[in-house]
Amino acid sequence: MIVILLFGVLDSLPKRLQLEGGWHEYVLDMSVAAVLLVPLWYVGRWQANRLAVSVKQYRDLVESSPYCTLVLIDDRIVFANQEAAQLLQAHSPEELLGRGIWEFSVRKREAAADECLAAFRQAWISGKVESVIVDLQGVLHDISGRGSWIDWQGQRAMLSVFQDVTVTKSLVEDRRRAREEIERLSLHNDLILQTASDGIFGVDFEGRMIFINPAGARMLGYEPSELIGLYSHEMFHHSNANGDPCSSKESRIQISMRELRIESKSDEVFWRKDDTSFPVEYSSVPVLWQGTVAGAIVTFRDITERKNTEELMRRSDTLSVVGQLAAGIAHEIRNPLTTLRGLLQLLLADETTKSKAPYYEVMLSELDRINFIVGELMMLVKPRALSFEQQDVRVILQKVVFLLKAQANLHNVDLRMEFDEQMPLVTCEESKLKQVFINVLKNAIEAMPHGGEIVIGVQMLGEDEVRVTVQDHGVGIPEIQLSKIGQPFHTTKESGTGLGLTVSWKIIEDHRGTFRIHSREGVGTTVEITLPVLQTAQDVAL
1 MIVILLFGVL DSLPKRLQLE GGWHEYVLDM SVAAVLLVPL WYVGRWQANR LAVSVKQYRD
61 LVESSPYCTL VLIDDRIVFA NQEAAQLLQA HSPEELLGRG IWEFSVRKRE AAADECLAAF
121 RQAWISGKVE SVIVDLQGVL HDISGRGSWI DWQGQRAMLS VFQDVTVTKS LVEDRRRARE
181 EIERLSLHND LILQTASDGI FGVDFEGRMI FINPAGARML GYEPSELIGL YSHEMFHHSN
241 ANGDPCSSKE SRIQISMREL RIESKSDEVF WRKDDTSFPV EYSSVPVLWQ GTVAGAIVTF
301 RDITERKNTE ELMRRSDTLS VVGQLAAGIA HEIRNPLTTL RGLLQLLLAD ETTKSKAPYY
361 EVMLSELDRI NFIVGELMML VKPRALSFEQ QDVRVILQKV VFLLKAQANL HNVDLRMEFD
421 EQMPLVTCEE SKLKQVFINV LKNAIEAMPH GGEIVIGVQM LGEDEVRVTV QDHGVGIPEI
481 QLSKIGQPFH TTKESGTGLG LTVSWKIIED HRGTFRIHSR EGVGTTVEIT LPVLQTAQDV
541 AL
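In this text, residue positions in the sequence shown follow the UniProt record's numbering: the first is 1, and each later residue adds one.
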C-alpha cells in the first residue's frame with residue numbers, strides 16, 4: 001500500500017503513475033485528507049498469494065491422503081501422490097509423470113490399448129470402479145475407487161482416486177468361504193442331530209438344557225421345545241432305578257464338567273414324562289470355551305432291548321444247566337417215587353393199617369408234589385411237541401378268571417377285565433397259555449393280602465402283536481429281587497417251588513412271544529405278555 005500526500009485538483013491527477021517496475025493503475029480514496037493510493041497490482045498479488053496457500057494446502061492434503069491419487073491428461077499421468085507411487089512400485093511420484101495409464105493395464109498389447117482406455121475412461125467417470133492393475137514390478141492389485149473430470153492448470157483432466165483392496169478382497173473372500181464352511185458344517189451337524197437314533201442333548205454349566213435332538217426327546221416322551229431351558233437332572237435323572245433320589249452332585253454329567261473329563265455310565269435309568277423309567281447308557285463330554293467350562297454334550301441310548309437280550313441269554317444258560325441236571329436225575333428220582341407210591345397205596349388198602357391212613361395220605365400228597373416238580377424240570381429240558389391252534393386270547397383268559405374266581409373272593413380280590421372289542425386270533429396251545437395265565441394270576445392274588453383289584457387287559461400292540469397285561473396293587477417286588485425273578489428255584493413265597501414263572505417264561509418263548517415284569521415295591525406289579533397274531537386271520541368280536 002502507498003500513501004501519497006497530494007495538493008491540487010483531483011481531476012488533474014493522472015490515472016497512472018510510473019513506479020519502480022513500470023506503470024500501475026491506482027484507486028483514489030478521499031475519505032481522509034490525504035489521498036490513499038491502492039494499486040491494483042497489489043490486490044492481484046494478494047489474491048495470488050491466497051491461491052498459492054490454498055494450492056499448497058490441497059497438495060499437502062492429497063500427499064498425506066491414504067488414498068492413491070492420479071491426475072491424467074490425455075491418458076498420461078501429470079500428477080501422482082506418494083501413496084500412488086508406493087502402490088505402483090515407483091521410487092517417487094516423479095517417476096510416474098508422463099507415463100501412459102495403459103502401462104498399468106493387465107492387457108498391454110497395442111491392439112487392446114484403445115479398447116482398454118475407452119473402457120477405463122467410461123468406468124472411472126461413471127462411478128465406483130473395481131478393477132485389476134499391474135504395478136511396475138508386474139504384481140497384480142485389486143483396486144476400488146472413483147473418477148471425475150477437473151480443470152488442471154487450464155486443461156481438462158481426469159482425477160482418479162482409488163485404493164488397494166487386494167488384502168480386503170482376500171479377507172472378504174476368506175470370510176465368504178468361512179461362512180460357507182460354517183453353514184455346511186452347521187447343516188451337517190443338524191442332519192446328524194435330526195437323524196441320529198441315539199439321544200443327544202447339551203447343557204450349560206448349571207445343567208440347563210440348551211438343545212436336544214428329536215430321538216432323545218422322543219425317548220423321554222417330550223417335545224424338544226418342552227425341555228429347553230429346564231434342568232436335565234430334575235426332568236429325567238432325578239431318581240435311581242429303585243426310586244431313591246439321585247443327587248445332582250453325583251451325576252456323571254456334573255462330574256465331567258467339574259473334573260474336565262469324559263464320564264460314562266452303562267447301567268442307569270432315565271425317567272419319561274409319564275413317570276416310567278428305562279435303562280440307559282450315556283456319556284458326557286465337557287465343552288470348553290476360551291479356557292472355561294461352558295457346559296457338556298451328552299449322548300444316551302435306550303438299552304432296554306439289550307437288557308432283555310442279556311436276560312434271555314442268562315435265563316437260557318440257566319435253563320440249560322437245570323435241564324442237564326434234570327435229565328441226569330429225573331429217571332433216578334421217578335423210579336423210587338413210583339415204588340414208594342405203590343407201597344403207600346398198598347398200605348392204604350390194608351385193613352390192619354387203617355388207623356394210620358391219614359399219615360399215608362399226607363405222604364402220597366408230598367410224593368405227588370415231588371413228581372410234579374420233576375415233571376416241570378423235564379418239561380424245561382425236553383418239552384413235548386406243542387399242538388398249535390387258532391385261539392382268541394380273551395376267551396382263554398375268561399376261562400382262567402372263572403377258574404380262579406373263588407380263590408380271588410377268598411382273598412377279597414376283584415378281577416376286572418378290560419378287552420378291546422376287535423381282536424385277531426393267535427396261534428397257540430390253549431392248555432399251555434392257561435398254565436401261564438393261572439401262574440401269573442395266582443401270584444397277583446397272593447401278592448394282595450389285604451385285597452384290592454387286579455386289572456386284566458388285552459390290547460393290540462401295533463399291527464402284529466397282542467399284549468396281555470395283569471396289573472395288581474400289591475406289595476410289589478424289591479429291586480434286589482426283581483432281577484432274579486424267573487430263575488429256577490427262586491421264589492418270594494414260603495410255599496413256592498420257584499419254577500412257576502420259569503416254566504411260564506419258557507412257554508411264552510416257545511410261542512415266540514415276550515414275558516416282562518415291571519414292579520415297584522409298595523406300589524404293585526404289572527406282568528406284560530406279548531404274542532404274535534395270526535397273520536391271515538380276520539379280527540373277531542368277543
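Yeah, the Cβ is synthetic: ideal placement off N, Cα and C, and Gly gets one too. Source: prediction; values computed, not measured.
- If you draw a straight line from the Cα of residue 337 to the Cα of residue 374, it comes to about 10 angstroms.
- For residue 355, the three-state secondary structure derived from DSSP is helix.
- Listed as beta-bridge partners of residue 279 by DSSP are 269.
- If you draw a 10 Å sphere on the C-beta of residue 351, you find fewer than 16 other C-beta atoms in it, and that means exposed.
- Rounded to whole angstroms, the gap between the alpha carbons of residue 390 and residue 532 is 12 angstroms.
- About 17 angstroms separates the CB atoms of residue 445 and residue 398; that is not less than 8 angstroms, and the two are not in contact.
- Assignment of residue 85 by DSSP, reduced to helix, strand and coil, places it in the helix class.
- Around residue 266, the same chain offers 281 as residues with beta carbons nearer than 6 angstroms, after the five sequence neighbours per side are excluded.
- Around the beta carbon of residue 105, a 10 Å sphere encloses 16 or more other beta carbons of the protein chains shown; the residue is thus reported as buried.
- In this chain, residue 239 is not harboured by any beta strand (DSSP E), its DSSP state being neither H nor E.
- Excluding five sequence positions before and after residue 260, the CB atoms of its chain that fall closer than 6 angstroms to its own CB belong to 286, given in chain order.
- Per the Cβ contact rule, the segment 416–426 is in contact with the segment 443–460 (3 or more Cβ pairs under 8 angstroms).
- In the DSSP assignment, residue 192 falls within the unbroken alpha helix (DSSP H) covering 166–195.
- Counting of Cβ neighbours within 10 angstroms places residue 503 among the buried residues, the total reaching 16 or more.
- Counting along the chain, residue 219 sits inside the alpha helix (DSSP H) bounded by residues 214–220.
- In this structure the segment 266–279 does not lie against the segment 175–186, because fewer than three pairs of beta carbons, one per stretch, are closer than 8 angstroms.
- Annotation: the continuous beta strand (DSSP E) that includes residue 131 extends over 129–134.
- With contact defined as three or more Cβ pairs closer than 8 angstroms, the segment 131–142 and the segment 155–166 are in contact.
- Secondary structure note for residue 143: its beta strand (DSSP E) is the uninterrupted segment 140–152.
- At a Cβ-Cβ threshold of 8 angstroms, residue 72 and residue 84 do not count as neighbours.
- Considering only 297, 237 and 252, the residue with the shortest C-alpha distance to residue 273 is 237.
- Residue 209 sits in a strand when the DSSP states are folded into three classes.
- Take the alpha-carbon of residue 67 and the one of residue 151: they are about 20 angstroms apart.
- Residue 175 and residue 200 have their C-alpha atoms some 30 angstroms from each other.
- Shown here, residue 262 sits in coil according to DSSP, grouped into three states, outside any helix or strand.
- 211 is the residue among 241, 219, 240 and 211 whose C-alpha sits nearest the C-alpha of residue 227.
- Annotated as distal: residue 283 and residue 255, with beta-carbon spacing of 8 angstroms or more.
- Assigned with DSSP and collapsed to three states, residue 233 falls in helix.
- Listed in chain order, the non-local C-beta contacts of residue 251 below 7 angstroms within the same chain comprise 233 and 237, local neighbours out to five positions each way being set aside.
- If one requires a minimum length of 3 residues, the beta strand (DSSP E) runs lying completely within the segment 384–468 are 389–391, 413–419, 426–428 and 452–461, in chain order.
- In this chain, the alpha helix (DSSP H) harbouring residue 224 covers 224–227.
- Residue pairing from DSSP places residue 158 in a beta bridge opposite 72 and 149.
- For the 8 angstroms CB-CB criterion, residue 509 and residue 518 do not form a contact.
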